[in-house]
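See structure below.
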Amino acid sequence: MQNTLNEPQALAVKHFQGPCMILAGPGSGKTFVITQRTANLIRECGVDPSHILVITFTRAAANEMRQRFQKLMNGEAGGVTFGTFHAVYFMVLKYAYHFQASNIITEEKKYQLMREILARYHVEYEDENEFIGNLFREISMIKNTRIPIENFYSGQCAEELFRKIYKDYKCMLDRYKLIDFDDMLLYTYELFEKRKDILASWQKKYQYILVDEFQDINQIQYDILRMLALPENNLFIVGDDDQSIYRFRGSKPEIMLNFAKDYPDTKRILLDVNYRCQKNIVDASLNLISYNKERFEKKISANQSAEDPVRILQFAQQREQNLYVIEEIKKAVQSGTELSDFAILFRTNTQPRLLMEQLMEYNIPFRTKEQIPNLYEHWAVRDIFTYIQIAQGSRKRRDFLQIMNRPKRYIGRDSLYGETISFEEWKRMYEKQPWIAERIERLAYDIQMLKNMSPYAAINYIRKGIGYDDYLKEYAKQRHLKEEDLSDVLDELQTTARGYKSYEQWQEHIRKYTEEMRMIAEQKNSNPDAVTLATLHSSKGLEFPIVYIVDVNEGIMPYKKAVLEKELEEERRMFYVGMTRAKHALTLCTVNNVNNKTMECSRFLNECREQKKTK
56 MQNTLNEPQA
66 LAVKHFQGPC
76 MILAGPGSGK
86 TFVITQRTAN
96 LIRECGVDPS
106 HILVITFTRA
116 AANEMRQRFQ
126 KLMNGEAGGV
136 TFGTFHAVYF
146 MVLKYAYHFQ
156 ASNIITEEKK
166 YQLMREILAR
176 YHVEYEDENE
186 FIGNLFREIS
196 MIKNTRIPIE
206 NFYSGQCAEE
216 LFRKIYKDYK
226 CMLDRYKLID
236 FDDMLLYTYE
246 LFEKRKDILA
256 SWQKKYQYIL
266 VDEFQDINQI
276 QYDILRMLAL
286 PENNLFIVGD
296 DDQSIYRFRG
306 SKPEIMLNFA
316 KDYPDTKRIL
326 LDVNYRCQKN
336 IVDASLNLIS
346 YNKERFEKKI
356 SANQSAEDPV
366 RILQFAQQRE
376 QNLYVIEEIK
386 KAVQSGTELS
396 DFAILFRTNT
406 QPRLLMEQLM
416 EYNIPFRTKE
426 QIPNLYEHWA
436 VRDIFTYIQI
446 AQGSRKRRDF
456 LQIMNRPKRY
466 IGRDSLYGET
476 ISFEEWKRMY
486 EKQPWIAERI
496 ERLAYDIQML
506 KNMSPYAAIN
516 YIRKGIGYDD
526 YLKEYAKQRH
536 LKEEDLSDVL
546 DELQTTARGY
556 KSYEQWQEHI
566 RKYTEEMRMI
576 AEQKNSNPDA
586 VTLATLHSSK
596 GLEFPIVYIV
606 DVNEGIMPYK
616 KAVLEKELEE
626 ERRMFYVGMT
636 RAKHALTLCT
646 VNNVNNKTME
656 CSRFLNECRE
666 QKKTK
């Protein structure tokens with residue numbers, strides 16, 4: 056850990072009054088600078104500790120900052136406030152409105168209220184948690200950006216329905232005297248706008264404000280911060296515009312880029328030494344990020360010399376790529392390296408499922424930074440399983456209800472009665488509608504065909520022969536979803552099924568995998584010596600001696616949904632964050648084929664090799 060200040064750090068620590076922006080690249084000692092500057096305000100500038108506010112984005116970061124500061128001060132000067140935006144703004148609401156923790160809605164209660172609202176409008180969906188989660192993300196976006204709801208277009212349902220859902224959710228919160236996390240910001244903003252006397256008392260209390268990870272700030276957080284900092288504007292902001300990767304949550308890198316326009320007398324300091332990464336990693340990451348246009352230009356040097364070159368490796372298939380990484384980990388561990396020294400990073404949380412199966416196969420413990428959805432629990436996969444269960448002999452009514460109109464066969468639910476179903480009796484129900492009886496007969500034929508197939512062939516037959524892919528296409532169209540996202544799930548399912556000769560073998564594998572996933576979730580990643588698996592998003596703030604970034608391909612990195620220039624720039628920032636997690640060794644892996652689809656190498660690989668030439 057760094058103990059002495061370099062020249063730019065010393066300038067930052069000694070800054071006393073007025074706005075100051077610290078550009079703090081990866082591994083440049085920003086936490087060190089914030090705690091040292093806080094101590095300097097008290098010791099050298101005579102500031103009352105109770106007038107200092109230090110804000111960051113996570114409770115863990117706030118606690119770490121507080122602990123490091125208290126250690127620096129030998130337990131003295133306990134009056135400094137350390138907290139997240141939400142914690143600080145909720146404190147304001149507690150004094151103004153006497154809110155208690157019991158007024159904050161729980162996740163369980165949120166979902167319960169939304170289920171009630173959706174039932175009122177008879178909204179249909181396949182995956183309840185996913186649909187409701189997406190609705191809440193959109194509601195959060197409206198509150199955090201203060202977009203008028205009339206100007207917001209939902210990607211989940213029709214505009215008129217979404218506005219009714221939004222209004223009903225707000226009314227239910229009011230009825231139960233509850234607020235969600237976004238309301239903490241919204242209510243504080245409205246309070247400060249209406250009650251200048253209350254605002255003035257908080258301005259008097261917090262005369263020096265330090266903000267960590269400023270690049271992640273959203274509009275409403277910034278608007279409140281600007282009010283709170285008046286009239287002295289002693290705003291000390293620390294961040295890295297190149298690490299702004301939360302636009303989907305409402306974060307706006309433009310706020311940091313335009314900070315000097317809002318505060319023309321801003322002092323700007325670049326922390327220009329990376330103490331974390333070897334020189335080769337620093338150089339490659341700077342080459343990459345130089346291709347972004349909307350950023351502050353920075354010259355950053357590495358404190359460590361170059362030893363291991365950044366490796367770029369190409370593989371035919373994901374399975375081959377994963378096996379290579381696993382073999383390298385095994386060899387390194389045999390030579391004395393800890394499993395916890397390794398991180399494997401990827402773009403989305405659905406990517407590592409095959410990798411996890413292979414790690415389990417080789418008995419390599421791993422921990423995940425977020426929940427990885429179980430492929431075998433996806434609703435489309437459950438439909439496939441139901442077809443196979445019927446082929447294996449199930450005649451349960453619920454199974455037939457699930458798949459009989461997937462694809463559309465126009466068979467009425469009331470034609471199925473009793474707990475078990477007979478195809479012959481079912482056909483007799485439609486003696487007067489022979490065209491429907493023919494469809495039932497065709498379904499019986501398809502089920503018979505599936506009976507002795509391998510899992511891989513069965514999935515293919517259900518998709519192409521029975522027409523399940525056509526059903527997915529229609530489903531996606533009706534719900535404004537990308538058909539490709541749904542077909543990718545079944546492509547991956549087919550890939551995992553390859554190699555299993557019987558349903559029994561495959562189902563046993565799925566059972567073991569699901570059980571291991573459950574155990575990992577219950578243990579809450581408690582094994583200290585394990586490989587870390589993380590998305591580029593969740594890797595932010597972490598560091599590891601050895602990092603692998605896998606599936607570095609077009610359509611994955613950058614992600615296929617990134618089309619606009621600002622979206623591509625965010626994808627590049629994400630990759631930059633992933634690269635700079637590595638302290639000593641960084642390996643970038645690309646594959647030629649994913650789920651039987653030919654893939655191109657990511658443009659990011661070439662960008663890592665060569666800095667963009669400026670005119």
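If you read the sequence shown in the numbering used here, its first letter stands for residue 56, the second for the next number, and so on.
No residue lacks a Cβ here, since even glycine has one placed at the ideal position from N, Cα and C.
**Message:** The beta strand (DSSP E) that contains Arg331, what's its start and end?
**Reply:** Val328 to Gln333
**Message:** Among Glu609, Tyr485, Gln258 and Phe71, whose alpha-carbon lies nearest the alpha-carbon of Asp469?
**Reply:** Tyr485
**Asked** What is the DSSP secondary structure of Ile611, counted as helix, strand or coil?
**Response** strand
**Asked** Between Thr405 and Pro420, which are expected to be in contact by the criterion C-beta below 8 Å, what is the C-beta distance as a whole number of angstroms?
**Response** That pair is no contact at about 22 Å.
**Prompt:** Between the stretch 279–286 and the stretch 299–307, are three or more C-beta pairs nearer than 8 Å?
**Reply:** no
**Asked** Do the CB positions of Ala117 and Ile110 come within less than 9 Å of each other?
**Response** yes
**Prompt:** Tell me which same chain residues have a C-beta within less than 6 Å of the C-beta of Thr423, skipping the five on either side of it?
**Reply:** Leu588
**Prompt:** Of the choices Lys259, Gln372, Ile172 and Gln274, whose alpha-carbon is the least far from that of Met196?
**Reply:** Gln274
**Request:** Reducing DSSP to helix, strand and coil, say where Leu233 ends up.
**Result:** coil
**Prompt:** Using a Cβ-Cβ cut-off of 7 Å (strictly less than) and excluding sequence neighbours within five positions of Arg201, which residues of its own chain qualify?
**Reply:** Gln274 and Ile275
**Contacts around Ile194, its chain only, beta-carbon distance under 7 Å, and the 5 residues preceding and following it disregarded** = Tyr221 and Tyr224
**Message:** Residues in the same chain with beta-carbon distance under 8 Å from Arg658, minus the five sequence neighbours each way, listed in chain order, please.
**Reply:** Glu609 and Pro613
**Request:** May I have the straight-line CA-CA distance separating Gln64 from Ile97, to the nearest angstrom?
**Result:** 18 Å
**Request:** From the DSSP output, in three-state form, read off Met574 for me.
**Result:** helix
**Message:** One question on the structure: do Leu190 and Cys212 come within less than 9 Å of each other, judged by their Cβ atoms?
**Reply:** yes
**Request:** May I ask you to report which of helix, strand or coil DSSP gives Gly188?
**Result:** helix
**Prompt:** Which first and last residues belong to the beta strand (DSSP E) in which Val646 is found?
**Reply:** Ala637 to Val649
**Request:** Apply the 10 Å Cβ neighbour rule to Leu619 and answer buried if 16 or more other Cβ atoms are within range, or exposed otherwise.
**Result:** exposed
**Asked** What residue from Ile604, Asn329, Thr645 and Lys638 has the CA that sits closest to Met629's CA?
**Response** Ile604
**Prompt:** Would you call the CB atoms of Asp363 and Leu641 closer than 9 Å?
**Reply:** yes
**Message:** Residues in the same chain with beta-carbon distance under 7 Å from Tyr144, minus the five sequence neighbours each way, listed in chain order, please.
**Reply:** Met239, Leu240, Thr243 and Ile279
**Residue(s) in a DSSP beta bridge with Ala357** = Asn329
**Request:** Go through the stretch 359–444 residue by residue and report every complete run of the beta strand (DSSP E) that reaches 3 residues or more, in order.
**Result:** 366–372, 397–401 and 421–423
**Asked** Can you give the Cα-Cα distance for Ala512 and Leu394, rounded to whole angstroms?
**Response** 38 Å
**Prompt:** With Ser360 and Lys334 assumed to form a contact (beta carbons below 8 Å), what rounded beta-carbon distance in angstroms separates them?
**Reply:** 6 Å
**Request:** Give me the Cα-Cα distance between Gly633 and Tyr530, rounded to the nearest whole angstrom.
**Result:** 35 Å
**Message:** To the nearest angstrom, how far is the alpha carbon of Cys332 from that of Asn342?
**Reply:** 15 Å
**Prompt:** Between Asn515, Met459, Arg627 and Gly467, which lies nearest to Ala499 when the distance is taken from Cα to Cα?
**Reply:** Met459
**Prompt:** Where in the stretch 65–137 do unbroken runs of the alpha helix (DSSP H), each at least 4 residues long, occur, reported from the N-terminal end onward?
**Reply:** 85–98 and 114–127
**Alpha-carbon spacing of Asn206 relative to Ile355, whole angstroms** = 41 Å
**Request:** Measure the alpha-carbon distance for Arg123 versus Glu62 and round it to whole angstroms.
**Result:** 21 Å
**Request:** Evaluate contact between the stretch 641–650 and the stretch 366–376, counting only Cβ atoms and requiring at least three cross-stretch pairs below 8 Å.
**Result:** yes
**Check whether Val436 and Leu548 have beta carbons under 9 Å apart** = yes
**Request:** Could you tell me which uninterrupted beta strand (DSSP E) segments, each at least 3 residues in length, are contained entirely in the stretch 525–595, listed from first to last along the chain?
**Result:** 586–590
**Item:** Euclidean distance between Cα positions of Phe599 and Arg636
**Value:** 6 Å
**Message:** Please tell me whether Ala151 and Arg250 are closer than 9 Å, where the distance is taken between their beta carbons.
**Reply:** yes
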